[in-house]
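Presented below is the structure to which this report refers.
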């Protein structure tokens, strides 16, 4: 009996996964331990190994599709073995259509191939294999124009190779041509076929006056609107978490300026020595150590609050928001209060590299007790970060800007930086938040206090 391949459940919060890529195709022999496919969750992408020997008999979901955890996505068994029916299974590609296509003359295929399948709009996202996408891009084809013969209509490499493209056309012009019945191959246009070319062709071929011929184009203007596209799992997770945080925590953001002179001097004196040891020291590392020290002095902030219960965390697990693609992931340094500045720097850089390479482990992204979000490199001087639930605060770090300030009755230039603390007012009231923020500023302006 064929063996079911299930969408794995990786972590307590995972409810669905998106198939990023099938490493094996139908008919391939597989062995236990082979990488069968890669799956994207709301946090990371993982390779999934095959746990049995046999042949990949049937793939039920194509690349790019999102499937619930524990649902059957493929079958492995002996060659020729019958595959059980499964809900959501993709219908096999019609053999007659696949064999008939090559038999058709190329000239006859051109007009049909230049028109998108009926259920697609030009430029629309299309399920396609990675190689098919690359092939279409290299040839300058719009994937939405190419009929797919793979599982659930997935465009595969042979579809791209068999496709005979018509003239290069803008997506709007292609859509208008389909709606107005204009044969794109009949147009003689230098360069790309534009919307105006299609409208002109429609007007020339109509029996009615030009003004009347243009009338059908009016409703089509709405087609210029972008179609909604399903976002990736990471963005869906961010949207859900941020909405949840916005409705959970009554938040207040407190902003305090800090003179970054001492922090810059500290980094300048230490960075070369640490660099010789293979450690890169940044301002974020110093901030993480300073905030960790302050959190040990304000245990109510290094806590979580749920069901009217306040949980003080015994350790500081300090998180740093890291950009990955079009989203943010927050890995955290565990037990930061027990680590030196060099250890924090080394571990943080390793976590950042793993995050951006897609190799971050789930345990590195959970269990955080406080988060730092730095927008200083982007020139931001003030913002209100949103709390990373179930934490009670998040510190926004802004750009360091040379600013005229008064010192001892004289106007001098100092590198000033704003710190923006967003706190959950259910636990962290204004006085506590202000004292905590002031303590961070004291430590940054007098970093030798870290030794006390």
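In our numbering, the protein residues as written are 56 to 507. Cβ atoms here follow ideal geometry from the backbone N, Cα and C, with glycine treated the same way. For clarity, every value in this text was computed on a predicted model and none was experimentally measured.
In this structure, DSSP gives residue 130 an extended state, which the three-state scheme calls strand.
Per the DSSP secondary-structure output, residue 476 pairs in a beta bridge with 309 and 450. Judged by their CB atoms, residue 74 and residue 109 are not nearer to each other than the 8 Å cut-off. Ranked by Cα distance from residue 58, the options 486, 79 and 137 are led by 137. Three or more pairs of CB atoms, one per stretch, sit closer than 8 Å, so the stretch 302-313 contacts the stretch 473-486.
Taking a contact as a CB-CB distance under 8 Å, the pair residue 455 and residue 401 does not count as one, their CB atoms being some 24 Å apart.
For residue 330, same chain residues with a beta-carbon under 8 Å away, outside a window of 5 residues either side, are 336 in chain order.
Taking the Cα of residue 284 as reference, the smallest distance to any Cα among 370, 189, 180 and 462 is reached at 180.
Here the stretch 404-420 lies against the stretch 376-391, with 3 or more beta-carbon pairs under 8 Å apart. A contact is defined here as three or more CB-CB pairs under 8 Å, and the stretch 443-450 meets this definition with respect to the stretch 482-495.
Taking the CA atoms as reference points, residue 347 sits about 22 Å from residue 415. When only Cα atoms are considered, residue 500 and residue 318 end up about 7 Å apart. Taken through DSSP and simplified to helix, strand or coil, residue 494 comes out as helix. 8 Å or more divides the Cβ of residue 62 from the Cβ of residue 113. In the displayed model, residue 470 falls within a strand according to three-state DSSP.
DSSP places residue 356 outside both helix and strand once states are collapsed to three, so it counts as coil. 237 is the residue among 242, 452, 237 and 286 whose C-alpha sits nearest the C-alpha of residue 257. The three-state secondary structure of residue 427, taken from DSSP, is strand. Residue 72 is bridged by DSSP to 122. Nearest C-alpha to residue 406 among 183, 376 and 431: 376.
For residue 329, the enclosing alpha helix (DSSP H) starts and ends at 316-331. Counting along the chain, the unbroken alpha helix (DSSP H) around residue 396 starts and ends at 396-411. Secondary structure of residue 93 (DSSP, three-state): strand.
Short of 7 Å from the beta carbon of residue 299, and not among the five residues preceding or following it, lie these beta carbons of its own chain, in chain order: 444. Looking at the DSSP output, residue 345 bridges to nothing. When only Cα atoms are considered, residue 292 and residue 70 end up about 11 Å apart.
In the DSSP assignment, residue 378 falls within the unbroken beta strand (DSSP E) covering 377-379. Counting the other CB atoms within 10 Å of its CB gives residue 199 a total of 16 or more, which places it among the buried residues. For residue 114, there is no enclosing alpha helix (DSSP H); the residue is found in the beta strand (DSSP E) stretching over 109-114.
Close CB contacts of residue 106 within its chain, under the 7 Å cut and outside five residues either way in sequence, are with 87 (chain order). CA-to-CA, the gap between residue 102 and residue 364 works out to about 39 Å.
Going by C-alpha positions, residue 123 is about 15 Å away from residue 93.
Residue 186 places its beta carbon 8 Å or farther from that of residue 217. Residue 371 and residue 391 do touch by the CB rule: their CB atoms are close to 5 Å apart, below 8 Å. Pairwise C-beta distances place the stretch 300-307 out of contact with the stretch 422-436, as fewer than three of them are shorter than 8 Å. Here residue 232 is buried. Its C-beta has 16 or more other C-beta atoms within 10 Å.
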